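Chains as they are written, first to last, in my numbering: chain A, 34 to 314; chain B, 34 to 314.
Protein chains: 2
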Amino acid sequence: MLTCRTVAELRGQIGAFRGRGRSIGFVPTMGWLHEGHVALIRASVERCGATVVSIFVNPTQFGPTEDFSSYPRDLDRDLGMCEAAGVDLVFAPDAAEVYPEGFQTTVQPGPLADVLCGPHRPGHFRGVATVVAKLFNMVRPDAAFFGQKDYQQSAIIRRMVLDLNMPMEVVTLPTVREPDGLAMSSRNARLDVDARRRAACLSRGLFAAKAAYDTGERNVERLVALARAQMGEADSVQYLELVDAETLRPVGPLVDRPAVLAVAGFLGSVRLIDNVVLGSL
Amino acid sequence: MLTCRTVAELRGQIGAFRGRGRSIGFVPTMGWLHEGHVALIRASVERCGATVVSIFVNPTQFGPTEDFSSYPRDLDRDLGMCEAAGVDLVFAPDAAEVYPEGFQTTVQPGPLADVLCGPHRPGHFRGVATVVAKLFNMVRPDAAFFGQKDYQQSAIIRRMVLDLNMPMEVVTLPTVREPDGLAMSSRNARLDVDARRRAACLSRGLFAAKAAYDTGERNVERLVALARAQMGEADSVQYLELVDAETLRPVGPLVDRPAVLAVAGFLGSVRLIDNVVLGSL
């Protein structure tokens, strides 16, 4: 497995993969890899001739009061997991390589970024879209792999790829969960024992609503209430919304098309998100 | 010469060029081609294995009170000029092909777009950066060619290519002028005979300042005044500014680095821009 620190090295190695006729799969990450990332990597290894993983905690997608400095980091551990999962190349640049002096151009998502996490994290999705556009242009993959846990992010990236005519596929894979249902997230590492135990209430609520949906309940208010009733152990629920699976706009009073029930909640100081799809995409 | 109307056709043809080992040069235009465009095309033909010209009057870079509807258009004439200049492929999409329903992601330039034309054309450079990013992703050229007449546009595109890590070269070529000095522009077609005659006052002013600079004048106020004194025949001068050639920020009180003297003025209802570089880039 190769490790590159600069865009120039990365391009050289990817050129070599391409020269040998290998297609490129790409899994962008912020490191502190977990089984969710590993599932993305495995899908890429299966479908593509060479798999590239980026590990970069992107400062521009964190707000000033958010957890950029406390976000968990352990490159050696991550490299070991990548190697074991069959990754061909890890790209782990530092911030100055990604944002050299004078950097000023951004990618601005549209209305998809104005809902759910958007209003609670001003500038977050601009930061995400910009760094992902940059990484896509560095790697020029045939396909990139994202987890459904970050449903809104996936929708925004998919839209960006269409809108900016990037010739590649965006693949979204199901959320990988802990045995108690908690969605895998690098941020789970920041939960203390008590918060970790309580954190499962978010997915429990989502699953309760999904079970009701699957047995015929279509009333949005009742579905949201069913979910909310399970979430009392969270320190707060920032939002819990049932939205159109494509536009992310509120659905109601009845669920009459594919929809997503999405939640953001705090467990102690740790903000977690999760979602379930109602209907088939 | 091939003509494509859709992105899919375009990609197919460019894939065929690439398959034959040809590098791709790209000249994005809004049509109504003139000798300035032809110079860009010739440079591309000379340097690259295949030359692609796009002809698309991009609605998103025009303000609501601007000249989108009156912008001159004549595809047959343009195709003839392209063929004569050695173009391999003309891409002439319609607006729905470039901006399908649901389009919402934009490329936002930074401070380079906040000066000179920026404040007078809100959203203009966002529209330019977005469509150029799209065209670059459609064509994936090795090099793209722009005219120095649109100095600020060139600077913004160059910055975008760096900031978004697009693996390509941006080449800026000198402004091509009419015998009386007027910078070639598709918009010149909209000048009536009297305005056309008076329009040369803009370049006359720029040249007067440049002549003074070349013989040692470094005082910004005096250089600007020298230029301004020639521009009385314009119906109005929207701005006349001496700025840093790289940052586009005002230079003063002395010109102590490479700089650009840039002007926007109205001749009747037609807004024209022009510039000269002071010093060497």
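Think of the CB as a built atom: it goes at the ideal place given N, C-alpha and C, for glycine as much as any other residue.
For clarity, every value in this text was computed on a predicted model and none was experimentally measured.
Chain B residues whose Cβ lies nearer than 7 Å to that of residue i
i, result
"D196/A", "F136, Q137 and T138"
Paired residues, beta bridge with residue i - DSSP
i, result
"F178/B", "V204/B"
"C37/A", "F124/A"
"N170/B", "According to DSSP, which records beta bridges pairwise, N170/B is partnered with nothing at all."
"V310/A", "V293/A"
"G58/A", "T84/A and A176/A"
"V303/B", "L300/B"
"N252/B", "L287/B"
"A216/A", "R210/A"
Near the ligand PLP: residue i beta-carbon under 7 Å from a heavy atom
i, result
"V164/B", "The ligand PLP is absent from the structure shown, which contains no ligand whatsoever."
Closest Cα partner of residue i within the set the options
i, options, result
"M122/B", "A188/B, P212/B and I88/B", "Here residue 122/B turns out to be Leu, not Met, going by the sequence shown. Residue I88/B is the option with its Cα nearest to L122/B."
"V85/B", "S302/B, F50/B and R304/B", "F50/B"
"A76/A", "F179/A, G48/A, L314/A and V40/A", "F179/A"
"E279/A", "R290/A, M171/A and Q271/A", "R290/A"
"L300/A", "V209/A, A242/A and D225/A", "D225/A"
"A262/B", "R220/B, V296/B, G249/B and F59/B", "V296/B"
"V293/B", "R231/B, T163/B, L149/B and A267/B", "L149/B"
"G334/B", "D111/B, I74/B, G143/B and V131/B", "It is not possible to answer for residue 334/B, since the shown part of chain B is limited to 34 through 314."
"R38/A", "G52/A, R80/A and A128/A", "A128/A"
"N170/A", "L43/A, V303/A, D307/A and V309/A", "L43/A"
"F101/B", "V303/B, L311/B, V288/B and G52/B", "V303/B"
"E130/A", "G265/A, V71/A and N91/A", "N91/A"
"T62/B", "R106/B, G52/B, G45/B and P133/B", "R106/B"
"A242/A", "D227/A, V78/A, P144/A and M264/A", "M264/A"
"E79/A", "G58/A, T98/A, G96/A and M201/A", "G58/A"
"A162/B", "Q271/B, L108/B, T93/B and M114/B", "T93/B"
"G96/A", "R154/A, C81/A, R53/A and V71/A", "R154/A"
"G249/A", "L108/A, V288/A and V257/A", "V288/A"
"E99/B", "L35/B, F240/B, R191/B and H157/B", "H157/B"
"D277/A", "P286/A, V270/A and S269/A", "P286/A"
"A72/B", "R210/B, A41/B, P126/B and A267/B", "R210/B"
"F240/B", "N308/B, E68/B and V253/B", "N308/B"
"L305/A", "S236/A, L168/A, R255/A and V253/A", "S236/A"
"S218/B", "V257/B, S103/B, E134/B and H67/B", "H67/B"
"V253/A", "E274/A, C234/A, A244/A and A233/A", "E274/A"
"A117/A", "G214/A, H70/A and G82/A", "H70/A"
For residue i, the three-state DSSP class (helix, strand or coil)
i, result
"E42/A", "helix"
"T139/A", "strand"
"T280/A", "coil"
"D109/A", "helix"
"E116/A", "helix"
"Y272/A", "strand"
"F240/A", "helix"
"N221/B", "helix"
"Q185/A", "helix"
"M199/A", "coil"
"P133/B", "coil"
"G69/B", "helix"
"D100/A", "coil"
"M63/A", "coil"
"A49/B", "helix"
"E266/A", "coil"
"L235/B", "helix"
"V226/B", "helix"
"D147/B", "coil"
"V90/A", "coil"
"P152/B", "helix"
7 Å Cβ cut-off: residues of chain C touching residue i
i, result
"R192/A", "Given the protein chain composition of this structure (A and B), no chain C is represented."
Partners in chain B for residue i, counting only beta-carbon separations shorter than 8 Å
i, result
"N170/A", "L197, N198, M199 and P200"
Exercise for the section: For the stretch 37-56 of chain A, enumerate the residues whose C-beta is nearer than 7 Å to any C-beta of chain B, in chain order. Expected result: V40 and R44
Notebook entry, point to check: Taking Cβ-Cβ distances below 9 Å as the criterion, which residues of the stretch 157-168 of chain A are in contact with chain B?
Noted result: R159, A162, T163, A166, K167 and L168
- Task: Check each residue of the stretch 138-153 of chain A: if its Cβ is closer than 8 Å to any Cβ of chain B, include it; give the result in chain order.
- Result: T138, T139, V140, Q141, P142, G143, P144 and L145
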